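Q:
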Amino acid sequence: MLVLSRTTPRYERQAQKIIRSVAPEQAVSDIVFVIPCLNEERVIRASLERLVSLDHPRLHVLVVDDGSDDDTAQIVSDFPDPRIHLLRRVLPEARQGKGEALNAAIRHIESGAVAPGSRAENVVVCVVDADGRLESHVLDEVLPRFADPNLGAAQIGVRINNRATNLLARMQDVEFVLYTEVFQRGRRHLGSVCLGGNGQFVRLSALYDLGPHPWSRSLSEDLDLGVRLLLDGWETEFCHRTSVHQQGLVDLRRWVKQRARWFQGHLQSWTLVPWVLRNLNGTRRVDLLYHLTSPFLLLVTSFLSLAFLLWILAIVLSAVQGEITFSPWWISAYLIAFGPALLFGLVYWKAERQEGQRLWRAVALMHGYVVYSLLWYAAGWRATVRSLTGRTSWTKTDRTTDDQEHEAEVEAAAASAEASR
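Using UniProt numbering, count along the sequence shown one by one with no gaps and you end on 421.
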């Protein structure tokens, strides 16, 4: 996948011609940003300000207040822009999961309350988390691709906006960059690009094709949606030249809880495996089968990693007792543990060098990232226990208040992206 990600798909040259020749408003008549919200008073105003600054003649923002008990709805109602729409959900219908909130948004759009009179095939819905900050050139990069009538959805990159101030946040940024820059870009060659929960652009008619509830109740409704679009015959795309910036978690306990929720959602997506085997073929089927079953592989490798760590511990104890002798196996062990990560360090350095990242620092970060990756075992086993005991409810992750420094980081990243285009 790393090799594939470093090459350009055959169709990209034609796609770039379209991007340069077709204005966003020519490819897409209406862009509707949907923000599902539950107690997002700390970040929602900054999100709205960012979205309405984007350039498109028929831009709409639909905020779905999913039963908030803070000032989220009031902040949205008071926002002085007619392009902002508020859909309020109340209990018991509210708080049934992100997927149900998004389904309510689609029904609201279908009623004509947002983008009235527009044809569904010419409308694109973009799902943005309340803390999401889209780069200023995002519409120029994404919307012209929808001139291809076969394109059902496009996903953009994801970056962590507080990566410079916290090591855990930095590791999350490395994680997202490696996933998008290696796996998502590689999947462009295989026709199996997946969707994420933040920064997904979906054609409205493609959502209609999936029925009245395009998003499922799965804890990973984004993964579920992307696979079902592929099963329905739509193409998906990844746009690597632009990103959405979001807050990274700075508390380890909250990180494990969030990743366990994602992992459990991935386990729920195993129900799609028979459909993938039956309806897809070639490399697309192989890659999606691997992707859907990867949680099982992670659980298996947790035992191998434990054995490896015990071996390292035995070496350390021998060194303390003065009984150690050099062995070529040490070099082999190092290359097994850190070799692939060193190659990935080059990928991360390329993504960060516009912001002054040094190559040696990127390589050093990869050593920390290997340790960080082991935390997924704790999240995975927690999710497995919850699945086996039938527990599927989760509380959402709290936000921290946005600040001007984070906004400046997004602007700097956007400027870097523009410079590298």
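Beta carbons: idealized from backbone N, C-alpha and C, even for Gly. Here the structure is a predicted model, which is why all the values come from computation and not from measurement.
1. Express the C-alpha separation of T72 and A120 in angstroms, rounding to a whole number.
2. Going by other Cβ atoms of all chains shown within 10 Å of its Cβ, with 16 needed for buried, is G339 buried or exposed?
3. Anyone know if the C-beta pair for D287 and R187 falls short of 9 Å?
4. If we ignore side chains and look at the alpha-carbon of each, how far apart do S420 and V64 end up?
5. For A164, does the count of other Cβ atoms within 10 angstroms reach 16, so buried, or fall short, so exposed?
6. Counting only the same chain and skipping the five closest in sequence on each side, list residues whose C-beta sits under 7 Å from that of L86.
7. Taking the alpha-carbon positions, what's the S327 to L310 distance?
8. Where does S21 fall in DSSP's three states?
9. Report the three-state DSSP secondary structure of residue 488 (helix, strand or coil).
10. Does the beta-carbon of F238 have 16 or more other beta-carbons within 10 angstroms, so that it is buried, or is it exposed?
11. Check whether the Cβ atoms of S5 and V347 sit closer than 9 Å, and answer yes or no.
12. Does P214 pass the burial test, meaning 16 or more other C-beta atoms within 10 Å, or should it be called exposed?
13. Checking the sheet assignment: what are the DSSP bridge partners for H85?
14. Go ahead and label I336 buried or exposed: buried means 16 or more other beta carbons lie within 10 angstroms of its beta carbon, across all protein chains shown.
15. Do you know how far the Cα of Q321 is from the Cα of S47?
16. Leaving out five residues on either side along the sequence, give the residues of the same chain with a beta carbon under 8 Å from the beta carbon of V370.
17. Where does P36 fall in DSSP's three states?
18. Classify Y372: buried if its beta carbon has 16 or more other beta carbons within 10 angstroms, exposed otherwise.
19. Taking only runs of the beta strand (DSSP E) that begin and end inside the stretch 98-148, which ones reach a length of at least 3 residues, in chain order?
20. Mapping DSSP to helix, strand and coil, what is F79?
21. Please state the DSSP three-state secondary structure of R241.
22. If A153 and Q200 are in contact, beta carbons under 8 Å, what's the gap, nearest whole angstrom?
23. By Cβ distance below 6 Å, which residues in the same chain neighbour Y377 in space, the five residues on each side in sequence not counted?
A: The structure says:
1. 29 Å
2. exposed
3. yes
4. Unreliable positioning characterises S420 in this predicted model, as indicated by a pLDDT of 47, which lies under 50. A coordinate reading is not provided.
5. exposed
6. V63, D65, A73, V76 and S77
7. 17 Å
8. helix
9. Given a span of 1 to 421 for the chain in the structure shown, any question on residue 488 remains unanswerable.
10. buried
11. yes
12. buried
13. L62
14. exposed
15. 58 Å
16. A337, F338 and A341
17. strand
18. buried
19. 123-127
20. coil
21. strand
22. 6 Å
23. S302
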